[in-house]
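Here the structure is laid out as structure tokens; the discussion comes afterwards.
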Amino acid sequence: MATATIIDGKQFAARLRAGIATHVAQLKAEHDITPGLAVVLVGDDPASQIYVRNKGLQARETGMNSFERRLPATATQAELLARIAELNRDPTVNGILVQLPLPKQIDPERVIEAIAVNKDVDGFHPLNVGLLAVGGTGMAPCTPLGCLMLLKERIGNLAGQRAVVLGRSNIVGKPMAALLLREHCTVTIAHSRTRDLAEECRRADILVAAVGKAQMVQGDWIKPGATVLDVGINRIPTPDGKGRLVGDVDFASAVEVAGAITPVPGGVGPMTIACLLLNTLTATCRQHGVPTPEVRPAA
Ligand code: GUN
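Under my numbering, read the sequence shown as residues 72 to 370, first letter to last.
Written out as structure tokens, the structure reads:
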């Protein structure tokens, strides 16, 4: 049986970061502007700490300034809102990201709404969500934006493609559907209450799986030749006790049917931070009235 092309998101993300670095250097040389990204972490969740560290490292690698603000797990909502207000006022901060999830005493909606819309590089503010829905020029959330870039690299023009997005989260599923619609795909959002998930998926030329259920999508859910993007990151137990990362797609069976597929890890994951940096560059240019560059991945 045919075997799918493996979409190398790690390599594509590295090329995208190199493209971003070129534009950051240009912005510095021509306008004396250095983009600044602030990442706020509340508490000490180990996974969140790793994400936050990597965001800072990669921002600095592309020539940006990176600011980290840490608050204890016991921080109040008022304390966090005060920090955000400071970052909103700070002209050296062009992008603000508050790492989710937040401790339970803090309402994430209030926090997201407090971030200045033009510094909301996560694209989670309701105004940016609305701008995306009406096809405007708001910030698009990083993971779906990364997925879209991989799809365009693989397929080119997406118009008329039948796309199925599995999952309806605010972070991935819904914005992914909006982006695909903007590219003129015929979009279905399928979810846990969908009557026949497998049947819906089998209609897809493009299948984006973002449900958070390990290896749920089987090879026989996939249309032969389809492009499959796996957003899931799930740890499953292994006999040695270390566990193993797998996606929402059962890779072994899917790779025999799909035309192209992202692996986990090394597929969609690395694109998220690269797109965060891209959004930070875009936000910086907009805040300074500098034309937004057309960033291309380096060769
Ligand atoms: N936690 C997991 N993914 C994300 C993300 O994309 N943005 C933020 N702010 N927190 C997250």
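A virtual CB, placed ideally from N, CA and C, is assigned to each residue, including glycine. Quick caveat, the model's predicted, so the values are computed rather than measured.
Residue i: first and last residue of the uninterrupted beta strand (DSSP E) it sits in
{"i": "E327", "result": "Note, E327: premise wrong, no beta strand (DSSP E); not H, not E."}
{"i": "E139", "result": "N136 to L142"}
The ligand GUN heavy atom lying under 7 Å from the CB of residue i
{"i": "C218", "result": "no"}
{"i": "I242", "result": "yes"}
{"i": "L168", "result": "yes"}
{"i": "T93", "result": "no"}
{"i": "T351", "result": "no"}
{"i": "T214", "result": "yes"}
{"i": "T363", "result": "no"}
{"i": "D193", "result": "yes"}
{"i": "L171", "result": "yes"}
{"i": "L343", "result": "The sequence given here places Thr at residue 343; Leu does not occur at that position. Because some heavy atom of the ligand GUN lies under 7 Å away, the Cβ of T343 counts as near it: yes."}
Residue i (DSSP reduced to helix, strand or coil)
{"i": "R181", "result": "helix"}
{"i": "I77", "result": "strand"}
{"i": "D311", "result": "coil"}
{"i": "V282", "result": "coil"}
{"i": "V366", "result": "coil"}
{"i": "L251", "result": "helix"}
First and last residue of the uninterrupted alpha helix (DSSP H) at residue i
{"i": "R274", "result": "Element bounds for R274: n/a, residue is neither H nor E."}
{"i": "I344", "result": "G340 to H359"}
{"i": "L152", "result": "Q148 to R160"}
Proximity test, residue i beta-carbon vs the ligand HEM heavy atom, cut-off 7 Å
{"i": "V320", "result": "As for the ligand HEM, it is missing from this structure, which binds only the ligand GUN."}
One or two residues paired with residue i in a DSSP bridge
{"i": "N305", "result": "V317"}
{"i": "V258", "result": "A234"}
{"i": "T298", "result": "I277 and A331"}
{"i": "L168", "result": "V110"}
{"i": "D267", "result": "Answer by DSSP bridge pairing: none, since D267 is not bridged."}
{"i": "D291", "result": "D291 is not bridged to any residue."}
{"i": "D191", "result": "I167"}
Interface flag, residue i vs chain B, CB-CB below 8 Å
{"i": "A261", "result": "Among the chains in the structure shown there is no chain B, since it carries only a single protein chain."}
Legend entry - Segments assigned beta strand (DSSP E), at least 3 residues, entirely inside the region 82 to 140: The qualifying runs are 107 to 113.
Inset, instruction - Counting only runs of 4+ residues fully inside the region 198 to 249, write out the alpha helix (DSSP H) ranges in chain order. - result: Every unbroken stretch of the alpha helix (DSSP H) spanning 4 or more residues and falling wholly within the region 198 to 249 is given here in chain order: 213 to 226.
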